[in-house]
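Quick notes on the structure that follows.
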Amino acid sequence: PLRRATAAANAPLHTPPIQANAVLLSKLHCPHSHCSRRPDRVTIPSRVARKRGTGSLKENSADLLQEITLQRSSKLDIVAGQREHVGRIRHSVEASRKITVMAVDTDCLSSDELHEAVKGILVARASDAALTPKDVRLALERQLGVPKDALHTRRGDILKAIESSMKELKVSSSEVDPAELKETIAMLEGECAAEVANRLIVAALDGKSSALVLLAEACAASETISRTLCAARIGRKLHALLGREAPAQQTALALRLLSAICSHRNAQFSETLLKDGLLPQLLVLLDTTGAAENALRVAALMHALADSRASRFRLIHGGALRCLTRAVVEPTSSGSLKEHCLQAAASIAGRPDDEVSLPSLLGDLCAEKLPGTQSEAVAALTILAEKQPQVRGRLLSVTEVRAGLEIAAAD
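Each residue of the sequence shown is one higher than the last, beginning at 5 in our numbering.
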């Protein structure tokens, strides 16, 4: 009985193992024409390809499992390679389409068309107080149907279109009576300009919002009136409206008046305002724990004030760069405030038309020759590293930061 049981265990199955293995393996091979492993070229391991009845079931199963694993890995590698190749082709095609669209659409867009498009965006988003030039550019790209950053090379033209459109919209949507505004402009440009200006300033300090609105509209319409107010030391007289104790609405109107004066891009105006001691008051308002809308107005005003080398020097050495950096890295700051602060920092660094990162700007300022500028830039980088420890290791990977810190350390 023992001999019969041993013989039955070693006897061949009804289906030959070699044929069963060949049929199963043929279903796992790649069916494509470029693959060399075709079903008619199936190779069976030597241990499986024995004479009938000479291999045990355990040995045949192990060899079959090994062959299945090898064939499955080979098939997965082939499929992965094909997908990667198709992905590279699709990416190159999309890149070529993007380049073509950018070359055609952005070059064919004239200044007048750009102005009208920008003006329409500003009208549609008039209630958005946090609108930035970058938001306008992205909205314009979506409106024209071009890829993202297709108009990046024309950001200077977009800024000019925004400024001209804002002036037109201010004239057409004045909050005061046009007749009263015209009469006030005539008086402020006449012989008794200083007396009229002082009377309006006193009325504004007494809490009359209409006087501030009237002054802001007049300054935006006339550079002569802005010069008159600067000569009257309007910056010093507005200190009471820029403190934390002042009502938020009055502070907003005072910031609007200062922005109207700076809208004429006269370096003398910004230098006079900074000499009046406005910067400490503005830095307090930039604190994100206060009114968010006033913080946005302060950041925009700093961008306008940085229109000359002397004004940029006063802003940097007055601590503006550190406060702007702190506002950018503060978790409670909104995205719009961060965008405005980054734009103001770029203007203070002398690069108002460049879209660069904050570490790059600070690295360039670390390489300046003035020790005070270097120390302020290093202090701002320190704030960036302390407030965001997760980016501390990546700061040295920025070329400008590494070069600037080496120069500052050598000095």
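Virtual Cβ for every residue (Gly too), placed ideally from N, Cα, C. Quick caveat, the model's predicted, so the values are computed rather than measured.
Exercise. In three-state DSSP terms, what is D419?
Worked result: Because residue 419 is not part of the residues shown, which for the chain are 5 to 415, the question remains open.
Exercise. Taking the alpha carbon of A215 as the point to measure from, which residue in E195, E193, L261 has its own alpha carbon closest?
Worked result: L261
Exercise. Rounded to a whole number of angstroms, what is the C-alpha to C-alpha distance between L218 and V200?
Worked result: 12 Å
Problem set entry | For N202, the first and last residue of its enclosing alpha helix (DSSP H) | 197–209
Exercise. If you compare alpha carbons, which of M306, A349, S226, C234 is closest to I205?
Worked result: C234
Exercise. When every heavy atom of the ligand MG is checked, does at least one fall within less than 8 Å of the C-beta of I125?
Worked result: Among the components modelled here there is no ligand, and therefore nothing to report on the ligand MG.
For this session: Quick one: grab the DSSP three-state call for K123.
Result: helix
Exercise. For L278 versus L309, is the C-beta distance shorter than 9 Å?
Worked result: yes
Exercise. When burial is assigned at 16 or more other CB atoms within 10 Å of the CB, is E172 buried or exposed?
Worked result: exposed
Problem set entry | Separation of A197 from E359, as counted between CA atoms | 42 Å
Problem set entry | CB of G376 within 9 Å of CB of G408, strictly | no
For this session: Confirm, please, whether the CB-CB distance from L362 to H329 is below 9 Å.
Result: One detail in the question is off: residue 329 reads as Thr in this sequence, not His. Cβ distance < 9 Å, so T329 and L362 count as in contact.
Exercise. By how many angstroms is the C-alpha of R231 removed from the C-alpha of Q272?
Worked result: 9 Å
For this session: Let me know if S114 comes out buried or exposed under the rule of 16 or more other beta-carbons within 10 Å of its beta-carbon.
Result: exposed
For this session: Specify the secondary structure class of S364 as computed by DSSP and reduced to three states.
Result: helix
Exercise. Buried or exposed: where does R313 fall if 16 or more other Cβ atoms within 10 Å of its Cβ makes it buried?
Worked result: exposed
Problem set entry | The alpha helix (DSSP H) enclosing T255, as first and last residue numbers | 252–266
Exercise. In terms of alpha-carbon separation, which member of P335, K373, A381, A252 lies closest to V302?
Worked result: A252
Problem set entry | Residue nearest to T403 in terms of C-alpha spacing, selected from K186, A371, A208, M191 | A371
Exercise. Whole-angstrom Cβ separation of G322 and L283, contact assumed at under 8 Å?
Worked result: 4 Å
Problem set entry | Option in V332, E167, L257 with minimal Cα separation from K123 | E167
Exercise. Thinking just about the alpha-carbon of each residue, which of D181, L155, D311, N202 is nearest to the one in P356?
Worked result: D311
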